Structures are given as C-alpha cells and as structure tokens.
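J.:
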Amino acid sequence: MTPPSTSPATASERFRHRHLLGIEGLKADEITYLLDRAESYVAQNRQAGTRLSLLRGRTLMNLFFESSTRTRMSFELAGKRLGADVINMSVEGSSIKKGETLMDTAMTLNAMRPDVLVVRHSDSGAVALLAQKVSCSVINGGDGAHEHPTQALLDALTIRRRKGRIEGLVVTICGDISHSRVARSNIQLLNIMGAQVRVVAPPTLLPPMVERLGVEVYNDMRRGLAGCDIVMMLRLQSERMNGSYVPSLSEYFHFYGLDRAKLAVASPDALVMHPGPMNRGVEIDTDLADDIDRSAIAEQVEVGVAIRMACLEALMAHLPSIAPQESRP
Ligand code: ASP
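The opening position of the sequence shown corresponds to residue 0 in numbering that gives the first Met the number 0, with each subsequent residue numbered one higher.
(1) So the beta strand (DSSP E) Cys-227 belongs to, where does it begin and stop?
(2) Gln-46: beta carbon under 7 angstroms from a heavy atom of ligand 1?
(3) Pull the bridge partners of Cys-173 from the DSSP assignment, please.
(4) Using the C-alpha atoms, what's the distance from Leu-257 back to Leu-53?
(5) Mind listing, in chain order, the residues whose beta carbon lies closer than 7 angstroms to a non-hydrogen atom of ligand 1?
(6) Determine the closest residue to Ser-136 out of Arg-57, Gln-236, Leu-205 and His-178, with distance taken between C-alpha atoms.
(7) If you draw a straight line from the alpha carbon of Ser-179 to that of Leu-233, how long is it in whole angstroms?
(8) Hey, could you find the ends of the alpha helix (DSSP H) Arg-160 is sitting in?
(9) Is His-120 helix, strand or coil when you go by DSSP?
(10) Quick one: what's got a C-beta closer than 6 angstroms to Val-170's C-beta in the same chain, skipping five residues either side?
(11) Per the contact definition of three or more C-beta pairs closer than 8 angstroms, is the stretch 34 to 42 in contact with the stretch 307 to 322?
(12) Mapping the DSSP letters down to three states, classify Val-41 as helix, strand or coil.
(13) Would you check if the distance between the CB atom of Phe-74 and the CB atom of Leu-59 is smaller than 8 angstroms?
(14) Please look up how many angstroms separate the CB atoms of Leu-231 and Lys-261, rounded, as I've assumed it's under 8 angstroms.
(15) In the structure shown, what three-state DSSP assignment does Arg-327 receive?
(16) Under a Cβ-count criterion, where at least 16 other Cβ atoms within 10 Å of its own Cβ denotes burial, should Met-111 be classed as buried or exposed?
(17) To the nearest angstrom, how far is it from the Cα of Ser-89 to the Cα of Lys-96?
(18) When burial is assigned at 16 or more other CB atoms within 10 Å of the CB, is Asp-103 buried or exposed?
(19) Give every residue of the same chain whose Cβ lies closer than 8 angstroms to the Cβ of Pro-328, excluding the five residues on either side of it in the sequence, and list them in chain order.
(20) Answer with buried or exposed for Thr-285, where buried requires no fewer than 16 other C-beta atoms within 10 angstroms of its C-beta.
(21) Check whether the stretch 125 to 140 and the stretch 158 to 169 are in contact - that is, three or more C-beta pairs closer than 8 angstroms.
(22) Measuring only the C-alpha atoms, how far is Ala-130 from Leu-235?
(23) Looking at the strands, I want to know which residues DSSP matches up with Tyr-217.
(24) Tell me where the alpha helix (DSSP H) around Ile-343 begins and ends.
(25) Under a Cβ-count criterion, where at least 16 other Cβ atoms within 10 Å of its own Cβ denotes burial, should Ala-263 be classed as buried or exposed?
(26) Return the first residue and the last residue of the beta strand (DSSP E) that Asn-61 is part of.
(27) Given 8 angstroms as the limit, is there contact between the stretch 143 to 151 and the stretch 116 to 129, that is, 3 or more CB pairs closer than that?
(28) Would the beta-carbon of Gly-224 fall within 8 angstroms of that of Arg-17?
(29) Rounded to whole angstroms, what's the CA-CA distance from Glu-23 to Gln-187? Just pull it up for me.
(30) Just mark Asn-241 as buried or exposed, buried being the case when its beta carbon has 16 or more other beta carbons within 10 Å.
(31) State the CB to CB distance for the pair Pro-206 and Asn-218, rounded to an integer number of angstroms; the pair is presumed to be in contact (CB under 8 angstroms).
Next up, the structure:
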C-alpha cells in the first residue's frame, strides 16, 4: 500500500513545533492536522506487513524513567512502522543507577545523534528542561502530573472516530484529577477543540482552583455524568500520593467507580474510555470495561500507534534532511 503521504513542507507548515512537550501551546488546526494524519495511519496499520520508509536512516530513542506498557511499546511500533531505528533505554541497566543525572544522561544520548527522544519522567517539567539541552526533537511521554500529550491526542482521535466530532460534546473525566497528567492534557485539548468538560472526584483528589482549567466541577458522580457523551475514567495514581486520599478502595468504588447503574444517567450512547492501566473494581467495573459496545479502551490503544506515527512524521519535518547516501543500509 502506498504510504498516506504529506510533503515535509506541508507538515512543517501545518505543525509548527520542533518538540511535542504538551497540548498547551498547540492550536486547533495543528491538533486537527495530527488527527487527520493519524487517521490515515490507522488504515495503514490494519494492512498486514507494511513498513514505510519515511523515517529510514532516523533514530528514535525511548528514555522512560517511569514504567510504561502502552506508550513505550506504541512509540517503538510507530517508529519501526515508519522505518526508523528504535532504541529503548532501560533505566534499570543504565548509569542512572550509578547516580548520573537526567541532564548528563540526556547529553550522553544526544552525543549519539538521535533524531527523536521520547522521554517519560516522574517530575513535572523535566522533559521540557531536557528539550532545551539537546539538539534533537523531544516528545513528552508523560512528565509527572503535568502533561501526556500523545494520550490526549489518541483520546481525541478515538472520540472523533466514534462520535464524528469533538466540538459540542460533553466529556466527563472522573477520578484522580489531582495527580493525573492525562486529565490535564485532555482538559486542554478538549477545551481547544470546543468540547464541554466536566470533572468528577472527591474533594481530596481535585487540584486547588481546578475550575480555572475550564471545567465544571462535581463531587457527585451521578450529577457529573448526567447526559454526558463521553466518560473518561482515571486510575488512582498512588505512585504520586503521599498519604491516604480515599478512605478505602471499596468505598471509593462505591462512590466513584463506574458501573452500569451510574452509567445509566449518561447519554444512552455514552462512550466509556480509560487510558490504562486499569484497576478493575477500583475505578471501573470489570464487566463494563470489557463491554465492547460501550467501551473504547481497545480502540484507544490501537489508534495510539497511529497518533504516535503522525507526531513523529510532523516533528521529522523540522529536522535537517539527511543526505540520500546516509540513509542507505
Ligand atoms: N498511562 C497513563 C499515564 O502514564 C495513565 C496512568 O498511568 O494511569 O499517565
């Protein structure tokens, strides 16, 4: 199959950034461009045995300081499907364990001349800082409780595919809003694209002055879900908590776990989403999570690869082009 093509000149005009550090700073037309490009990669990815050559001769390094299944694997797959060399650095076996700082590690990797670094780190802002020090493009694979831009983009593509639009939809994000970078990136993207965003959480899991993010705030799940089109469930991010934020997991499920009874107040065709990893029986009822008529969780993972391909393509357009002989095997 012919690759769904866009010229580098078009890509650099339509997406004007060298790095992808967050949704903040993106314009609606840039988000739409990424979603459109990703849409064509979804179709491409369903063809068996296709490997494109757009990133042939390019090197993508995954540098994950926090655990990941979906994001790291899908960047690896995205890079490989576009023809790049992909290297995963394992923090466990690296000099970080010998006390090397994040910046020294970044400078070391930069000296090996990668084209793109995908970085996940537990500190908010760490990825942006690193991007100032290196000469390649940097993609934020999640920084602390701050941003996870590719998650918000893949969520947006899933919504657009299922509902045909984003503008005007009512999206309710439920759970640990305080510690969630997924919530922050999604709130920004959904506001940029004209959706109406609600958040639902116990007061202990809401950041101070959360309404300033452009959301309606609810502590009662049924009120927050009433009539909504999309329900996004979030995991309790216990790795970022010090102390106890909920009385018990069973009480949390009783008040804030999504089950069929609570979902019944949402729009009859409301879509259930979750960025994963799920804690079944804590924030979501296991039977509902597996209901393919209501849940888009598997589709989120599928389109995640396509979104990452679109992001790599867009950033590549800003890198110096490589001489043809350099790209030969
Ligand atoms: N996978 C998402 C993240 O890295 C959500 C989560 O971990 O709960 O933020």
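Yeah, the Cβ is synthetic: ideal placement off N, Cα and C, and Gly gets one too.
Predicted model only: the values in this text are computed from it and were never measured.
T.: On the basis of the supplied data:
(1) The count along the sequence shown starts at 1 and reaches residue 227 at position 228. Annotation for Cys-227: no beta strand (DSSP E) segment contains it, and DSSP assigns it neither H nor E.
(2) For the purposes of this step, residue 46 is taken as residue 47 along the sequence shown, with counting starting at 1. Every heavy atom of ligand 1 is 7 angstroms or more from the Cβ of Gln-46, so no.
(3) For the purposes of this step, residue 173 is taken as residue 174 along the sequence shown, with counting starting at 1. Val-199 and Met-232, per the DSSP bridge assignment.
(4) Along the sequence shown, one-based indexing puts residue 53 at 54. Along the sequence shown, one-based indexing puts residue 257 at 258. When rounded, the distance between both Cα atoms is 42 angstroms.
(5) Those residues, listed in chain order, are Ser-67, Arg-69, Thr-70, Gly-141, His-147, Gln-150, Ser-179, Arg-180, Val-181, Leu-233, Arg-234, Gln-236, Pro-274, Gly-275 and Pro-276.
(6) The residue labelled residue 136 in the question sits at position 137 within the sequence shown. Nearest C-alpha to Ser-136: Arg-57.
(7) Here residue 179 refers to the residue found at position 180 of the sequence shown. Here residue 233 refers to the residue found at position 234 of the sequence shown. Whole-angstrom Cα-Cα distance: 8 angstroms.
(8) On the sequence shown, residue 160 is found 161 positions in, with the first residue counted as 1. First-last of the alpha helix (DSSP H) with Arg-160: 148 to 162.
(9) As a working mapping, residue 120 is identified with position 121 in the sequence shown. Secondary structure at His-120: strand, using DSSP grouped into helix, strand and coil.
(10) Within the sequence shown, numbered from 1, the residue matching residue 170 stands at position 171. Answer for Val-170: Leu-189, Ala-194, Val-196 and Ile-229, listed in chain order.
(11) When Cβ pairs closer than 8 angstroms are counted between the two stretches, the stretch 307 to 322 is seen to touch the stretch 34 to 42, the count reaching three or more.
(12) As a working note, residue 41 is residue 42 in the sequence shown. Looking at Val-41 - three-state DSSP - the assignment turns out to be helix.
(13) Within the sequence shown, numbered from 1, the residue matching residue 74 stands at position 75. Within the sequence shown, numbered from 1, the residue matching residue 59 stands at position 60. Between Phe-74 and Leu-59, the gap from beta carbon to beta carbon is short of 8 angstroms.
(14) If you number the sequence shown from 1, residue 231 lands on position 232. If you number the sequence shown from 1, residue 261 lands on position 262. Residue 231 is actually Met in this sequence, not Leu. A Cβ-Cβ distance of about 14 angstroms is found for the pair Met-231 and Lys-261, leaving them out of contact under the 8 angstroms criterion.
(15) As a first step, residue 327 is located in the sequence shown; it is residue number 328 there, counting from the start. Caution applies to Arg-327, whose pLDDT of 47 falls short of 50 and renders its modelled position unreliable; the model cannot decide the point.
(16) Position 112 of the sequence shown, counted from the start, is the residue given in the question as residue 111. Flag for Met-111 reads exposed.
(17) Position 90 of the sequence shown holds residue 89. Position 97 of the sequence shown holds residue 96. As the crow flies, the alpha-carbon of Ser-89 is around 10 angstroms from that of Lys-96.
(18) Along the sequence shown, read from residue 1 onward, the residue named residue 103 stands at position 104. It is exposed - the Cβ of Asp-103 has fewer than 16 other Cβ atoms within 10 Å.
(19) If you number the sequence shown from 1, residue 328 lands on position 329. Low per-residue confidence applies at Pro-328: pLDDT is 45, beneath 50, and the placement is therefore not dependable enough to give any value.
(20) Here residue 285 is taken as the residue at index 286 of the sequence shown, counted from 1. Label assigned to Thr-285: exposed.
(21) By the Cβ test, the stretch 125 to 140 is not in contact with the stretch 158 to 169, since fewer than three Cβ pairs between them sit closer than 8 angstroms.
(22) Taking the sequence shown and counting its residues from 1, one reaches residue 130 at position 131. Taking the sequence shown and counting its residues from 1, one reaches residue 235 at position 236. Near 29 angstroms, if we compare the C-alpha coordinates of Leu-235 and Ala-130.
(23) Indexing the sequence shown from 1 puts residue 217 at position 218. According to DSSP, Tyr-217 bridges with Val-199.
(24) Because the chain is modelled from 0 through 328, residue 343 falls outside the range shown and cannot be assessed.
(25) Walking along the sequence shown from the start, residue 263 turns up at place 264. Ala-263 comes out exposed.
(26) For this step, residue 61 is matched to residue 62 along the sequence shown. For Asn-61, the uninterrupted beta strand (DSSP E) segment begins and ends at 58 to 63.
(27) Using a Cβ-Cβ distance cut-off of 8 angstroms, the stretch 143 to 151 and the stretch 116 to 129 are in contact, since at least three pairs of beta carbons, one from each stretch, lie closer than that value.
(28) The residue given as residue 224 occupies position 225 in the sequence shown. The residue given as residue 17 occupies position 18 in the sequence shown. Position check: residue 224 holds Leu in this sequence, whereas Gly was assumed. Against a cut-off of 8 angstroms, the Cβ pair of Arg-17 and Leu-224 comes out as no contact.
(29) By 1-based counting over the sequence shown, the position of residue 23 is 24. By 1-based counting over the sequence shown, the position of residue 187 is 188. Cα to Cα, the separation comes out at about 7 angstroms.
(30) On the sequence shown, position 242 is the one that residue 241 refers to. Exposed is the call here.
(31) Your numbering for residue 206 matches position 207 in the sequence shown. Your numbering for residue 218 matches position 219 in the sequence shown. Asn-218 and Pro-206 do not touch by the CB rule: their CB atoms are close to 14 angstroms apart, not below 8 angstroms.
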